[in-house]
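A.B. asks: Protein chains in written order, with the numbering used here: chain L, -3 to 421; chain A, -3 to 421. Here it is, the structure in full.
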């Protein structure tokens, strides 16, 4: 079968996933691929992939002499290699802030073991590991360069990566930070929209680390916990969408449905009062405002697991629903995660854009890249930190307040501790 | 018992609801009350009421000679008198866009009959009728005055009120409009956030009216279907909150929890892909941005009815949850309805602020006024219409696209019809 490709990256494929995997492996073997190349596979379905994301340019190890301000980039992380998948899943499955299971100390490890082969297969299909660390390092590097230039009074700035479930783990990073003799540390969540299961869990882990330890003296701590309405986040996502829209034939461009897709959460978390759905909604509306409401759009939710009810409608089912209505052209837009990761590269690209798209007979389905190292996004991160350093409150009243139906005693203790931490100095 | 009051409107009450009702009746009997007076009843609980809303200054009947542009203000409406309650409920209960019941043609009228006395009692407790019409007329009057001044080329402007369940009903208004020989008609939803059950239902009613009738020739039609992110909406709500915050003692001001409250919807509507929760979330985040995230806040949902699961957390339950956490000071903020109505004046003011607040032993609970005729809000409405008249698309791609899991054939037909209507002339 002859398959057309839309860029200079033209190759021939036989068909289906095997060839796709080969292609991914090839991309991964490149030394210096351009960071944002789009590869499009057409086989009845037209599908965009952002494979280059996994091959983000590796910054030099940041070697900052006597850093004054530390910017701690907080995220969930992902396994860097296939061998790390089990440990990663085990950490998720035993994190009660993320998932609450009955007899979790036994059931968690059991589920982690049972799911490891399936998840390893997925990681092997996106090149053998998660690109989150590579992108986070690149973002940190570019952010600190800009901060050093724009805010010499708080320079030198050094970024630290604190992942919740993969290396570099939060504990190890905090230990490293202590050695650097910082004057100021900004705990900067890399989730634009706050969710108790993600940002909340990471902050609870920082609290847990210091609970039985002395906080290093002399550091002025502060927190950036959410930034769903930052205009440059909306501008970045809008730019990512514009890039994809350009690839559609002029005659059908206006009919393309923009499907914003975010990780779903269980309805019991929604009903507890978690701010996540509302903050994701805000980002979506601001992106469409930025785009002048040029196209139809929808917010849908992906990655549900387990038998309990989760917030819908789900991404795959919504795609089916639209196809039933006669719609045939789509852009999927990750809106709640700033880096490529397994759920963009596998779930969106392979499972939905390629496999499901083909099954449903869609005409064109593309996926907008995550913010990654888009210059507008780096400007956004810089603006957020700059404003925070210059005039932001060190901790927000919202962060300090629990959900109306919070039953997590860790949140109670953690929030009190952070209130104290951020009032010192 | 001696009860303190916070404004020049000081009176003595014995206690509880009876006296409160008396007070409301008194307010209603005033001829010219200031439009935004706040009356505060203290009896252990401190509670703000916006009784004046029902006594909004009645504009003179708009007598516009040869109007050129009609602005159709679309809303659900409310019974103007106790006698209209049954008809109002009957219209709601038999509207399949609003509620889907089994054997609705029988069950709907049965529920309407059964609920009439209880709902009549509530309306009698807020003064004998809904103030939605009074506020809508005032908004229309002020809006058209501004439009005439700012956009002489589309003047004279005339507003029309098109309610879904109460007088003036949509059909009657459309008939009236036809006589006026307009050049242009803007169908302007007064729900800032779109929901299929509210804005959607009204637009389906307009479609139904014209389905078997000739559309009057010579009118250029267009639609404003949603405006959740308009900056002046956020500014208005922020101002309403600032007004209430000023009433709290300085020492506790920063601990006041701002509870944004919107009408809930059934989870099956959420899961169908209705945009409402996401758009309400956007308004909330933009209001807090406007306020500089000065206080803790939360988005909660009110007015659930029936046994099926609805979107939570619920306003009353959330209040209980916060009180359990030791919180004692609150402002309730209606965020999805622009006028005082039964759910602000009764549910929020009487049931939650007064009765529940007292039961829970809160220290201070106040309720922010709806936008009503706040000058910033009128500027907002004007800006929305001006931009729409000058450069807006006549119909938005989002409006024309159904929810991913829409099963309502009326929506399909209605949207096709509006696409055609708004492409004529």
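Even glycine gets a Cβ: it sits at the ideal position worked out from N, Cα and C.
In whole angstroms, what is the alpha-carbon distance linking residue 36 of chain L and residue 73 of chain L?
C.D. replies: Residue mapping note: residue 36 of chain L aligns to position 40 of the first chain, counting from 1. Residue mapping note: residue 73 of chain L aligns to position 77 of the first chain, counting from 1. Note that residue 36 of chain L scores a pLDDT of 41, beneath 50, so its modelled location is shaky; the value from the coordinates is reported in the next line. The alpha-carbon atoms of residue 36 of chain L and residue 73 of chain L are separated by roughly 27 Å.
A.B. asks: Which ranges does the alpha helix (DSSP H) cover as unbroken runs of at least 4 residues, wholly within the region 254 to 324 of chain A, from first to last along the chain?
C.D. replies: Listed in chain order, the complete alpha helix (DSSP H) runs (minimum 4 residues) inside the region 254 to 324 of chain A are 263 to 268, 272 to 286, 311 to 320.
A.B. asks: Return the CA-CA distance between residue 187 of chain L and residue 279 of chain L, expressed in angstroms with no decimal places.
C.D. replies: Indexing the first chain from 1 puts residue 187 of chain L at position 191. Indexing the first chain from 1 puts residue 279 of chain L at position 283. The straight-line gap from Cα to Cα measures roughly 12 Å.
A.B. asks: Okay, do the region 285 to 293 of chain A and the region 288 to 296 of chain L touch, 3+ Cβ pairs below 8 Å being the bar?
C.D. replies: no
A.B. asks: Determine, using beta carbons only, whether residue 267 of chain L comes closer than 9 Å to chain A.
C.D. replies: To locate residue 267 of chain L, count along the first chain from 1; it is residue 271. Taking a beta-carbon distance threshold of 9 Å, residue 267 of chain L counts as an interface residue toward chain A.
A.B. asks: Is residue 255 of chain L near residue 314 of chain L, with beta carbons less than 9 Å apart?
C.D. replies: Here residue 255 of chain L corresponds to residue number 259 of the first chain, with the count starting at 1. Here residue 314 of chain L corresponds to residue number 318 of the first chain, with the count starting at 1. Contact: yes.
A.B. asks: Step through the CB atoms of chain L and report whether any lies within less than 9 Å of the CB of residue 192 of chain A.
C.D. replies: Along the second chain, read from residue 1 onward, the residue named residue 192 of chain A stands at position 196. No, residue 192 of chain A lies away from the interface with chain L (no Cβ there is under 9 Å from its Cβ).
A.B. asks: Work out the CA separation of residue 203 of chain L and residue 414 of chain L for me, nearest whole Å.
C.D. replies: Here residue 414 of chain L refers to the residue found at position 418 when the first chain is read from its first residue. Here residue 203 of chain L refers to the residue found at position 207 when the first chain is read from its first residue. So the two alpha carbons sit approximately 7 Å from each other.
A.B. asks: Output, in sequence order along the chain, the residues in the region 382 to 401 of chain A whose CB is closer than 8 Å to any CB in chain L.
C.D. replies: 389, 392, 393, 394, 396, 397, 398, 399, 400, 401
A.B. asks: If you draw a straight line from the C-alpha of residue 32 of chain A to the C-alpha of residue 67 of chain A, how long is it?
C.D. replies: As a working mapping, residue 32 of chain A is identified with position 36 in the second chain. As a working mapping, residue 67 of chain A is identified with position 71 in the second chain. Its pLDDT being 41, under 50, residue 32 of chain A is placed unreliably in this model, and the coordinates cannot settle the point.
A.B. asks: Residues of the region 265 to 297 of chain A in Cβ contact with chain L at a cutoff of 8 Å, in chain order, please.
C.D. replies: 266, 267, 268, 269, 271, 273, 274, 275, 276, 277, 278, 280, 281, 282, 284, 285, 289, 290, 291, 292, 293, 294, 295, 296
A.B. asks: Could one say the Cβ of residue 203 of chain A lies closer than 9 Å to chain L's Cβ atoms, at least one of them?
C.D. replies: Your numbering for residue 203 of chain A matches position 207 in the second chain. Output row for residue 203 of chain A: interface = no.
A.B. asks: Based on the DSSP secondary-structure assignment, which residues constitute the bridge partners of residue 362 of chain L?
C.D. replies: Here residue 362 of chain L refers to the residue found at position 366 when the first chain is read from its first residue. DSSP lists L:327 as partners of residue 362 of chain L.
A.B. asks: List the DSSP bridge partners of residue 66 of chain L.
C.D. replies: As a working note, residue 66 of chain L is residue 70 in the first chain. In the DSSP output, where bridge partners are listed per residue, residue 66 of chain L has L:154, L:181.
A.B. asks: Quick one: grab the DSSP three-state call for residue 101 of chain L.
C.D. replies: Looking up residue 101 of chain L in the first chain gives position 105. Here residue 101 of chain L sits in helix by DSSP.
A.B. asks: To the nearest whole angstrom, what separates the beta carbons of residue 283 of chain L and residue 234 of chain L, a pair I think is in contact under 8 Å?
C.D. replies: Against the first chain, residue 283 of chain L aligns to sequence position 287. Against the first chain, residue 234 of chain L aligns to sequence position 238. Indeed, because the Cβ distance is near 5 Å, the residues count as touching under 8 Å.
A.B. asks: Name, please, each residue of chain A whose Cβ falls closer than 8 Å to the Cβ of residue 250 of chain L.
C.D. replies: Residue 250 of chain L sits at position 254 when you count from the first residue of the first chain. Per Cβ cutoff of 8 Å: 393.
A.B. asks: Using a Cβ cut-off of 9 Å (strictly closer), state whether residue 219 of chain A contacts chain L.
C.D. replies: The sequence position of residue 219 of chain A within the second chain is 223, counting from 1. By this cut-off, residue 219 of chain A is not an interface position.
A.B. asks: Quick one: which residues of the region 228 to 255 of chain L get their C-beta closer than 9 Å to a C-beta of chain A? List them in chain order.
C.D. replies: 250, 251, 253, 255
A.B. asks: Mind checking residue 161 of chain A: buried by the 16 CB within 10 Å criterion, or exposed?
C.D. replies: Counted from its first residue, the second chain places residue 161 of chain A at position 165. Buried is the call here.
A.B. asks: Excluding the 5 residues preceding and the 5 following residue 252 of chain L in the sequence, name in chain order all residues of the same chain whose CB lies nearer than 7 Å to its CB.
C.D. replies: As a first step, residue 252 of chain L must be located in the first chain, where it is residue number 256. Excluding residues within five positions, the ones whose Cβ falls inside 7 Å are 241, 244, 291, 325, 326, 327.
A.B. asks: Leaving out five residues on either side along the sequence, give the residues of the same chain with a beta carbon under 6 Å from the beta carbon of residue 421 of chain L.
C.D. replies: For this step, residue 421 of chain L is matched to residue 425 along the first chain. Cβ neighbours of residue 421 of chain L beyond the five flanking positions: 216.
A.B. asks: For the structure I just gave you, are there three or more beta carbon pairs, one from the region 183 to 197 of chain L and one from the region 162 to 175 of chain L, closer than 8 Å?
C.D. replies: no
A.B. asks: Given a limit of 9 Å on CB to CB distance, which residues of the region 302 to 318 of chain L reach chain A?
C.D. replies: Those would be 305, 307, 308, 309, 310, 313, 314, 315, 316, 317, 318, in chain order.
A.B. asks: Rounded to a whole number of angstroms, what is the C-alpha to C-alpha distance between residue 27 of chain A and residue 370 of chain A?
C.D. replies: As a first step, residue 27 of chain A must be located in the second chain, where it is residue number 31. As a first step, residue 370 of chain A must be located in the second chain, where it is residue number 374. Any reading at residue 27 of chain A is ruled out, since the residue's pLDDT is 26, under 50, leaving its predicted position unreliable.
A.B. asks: Rounded to whole angstroms, how far is the Cβ of residue 310 of chain A from the Cβ of residue 260 of chain A, which I believe are closer than 8 Å?
C.D. replies: Working through the second chain from its first residue, we reach residue 310 of chain A at position 314. Working through the second chain from its first residue, we reach residue 260 of chain A at position 264. Going by Cβ atoms, the distance from residue 310 of chain A to residue 260 of chain A rounds to 7 Å, so yes, they are a contact pair.
A.B. asks: Smallest Cα separation from residue 419 of chain L: which of L:391, L:401, L:408?
C.D. replies: Position 423 of the first chain, counting from 1, holds the residue named residue 419 of chain L. Closest by alpha carbon: L:391.
A.B. asks: Any heavy atom of the ligand ZN within a distance shorter than 8 Å of the CB on residue 366 of chain L?
C.D. replies: Ligands are entirely absent from the displayed structure, and the ligand ZN is therefore not among its contents.
A.B. asks: Does the distance from the C-beta atom of residue 78 of chain A to that of residue 106 of chain A stay below 9 Å?
C.D. replies: Residue mapping note: residue 78 of chain A aligns to position 82 of the second chain, counting from 1. Residue mapping note: residue 106 of chain A aligns to position 110 of the second chain, counting from 1. Not closer than 9 Å, so no.
A.B. asks: Among residues of its own chain, excluding the 5 on either side of residue 388 of chain A, which ones have a beta-carbon nearer than 8 Å to its beta-carbon?
C.D. replies: One-based indexing of the second chain puts residue 388 of chain A at position 392. Within the same chain, and ignoring the five residues on either side of residue 388 of chain A in sequence, the residues whose Cβ sits closer than 8 Å to its Cβ are 218, 220.
A.B. asks: Figure out for me which residue from L:401, L:65, L:168, L:393 has the closest Cα to the Cα of residue 178 of chain L.
C.D. replies: Residue 178 of chain L sits at position 182 when you count from the first residue of the first chain. Per the Cα distances, L:65.
A.B. asks: Mind checking whether residue 269 of chain L and residue 399 of chain L have CB atoms under 9 Å apart?
C.D. replies: For this step, residue 269 of chain L is matched to residue 273 along the first chain. For this step, residue 399 of chain L is matched to residue 403 along the first chain. Their beta carbons are under 9 Å apart, which means residue 269 of chain L touches residue 399 of chain L by this criterion.
A.B. asks: Please state the DSSP three-state secondary structure of residue 219 of chain A.
C.D. replies: As a working mapping, residue 219 of chain A is identified with position 223 in the second chain. In the structure shown, residue 219 of chain A sits in a strand (DSSP, three-state: E or B).
A.B. asks: Check the DSSP bridge columns for residue 165 of chain L and list the partner residues they point to.
C.D. replies: Here residue 165 of chain L is taken as the residue at index 169 of the first chain, counted from 1. Looking at the DSSP output, residue 165 of chain L sits in a beta bridge with L:159.
A.B. asks: Within 9 Å (strictly less), CB to CB, does residue 323 of chain A reach chain L?
C.D. replies: For this step, residue 323 of chain A is matched to residue 327 along the second chain. Chain L, which has a Cβ nearer than 9 Å to the Cβ of residue 323 of chain A, makes this yes.
A.B. asks: Mind checking residue 265 of chain L: buried by the 16 CB within 10 Å criterion, or exposed?
C.D. replies: Counting from 1 along the first chain, the entry for residue 265 of chain L is found at position 269. The residue is buried, with at least 16 neighbouring Cβ atoms inside 10 Å.
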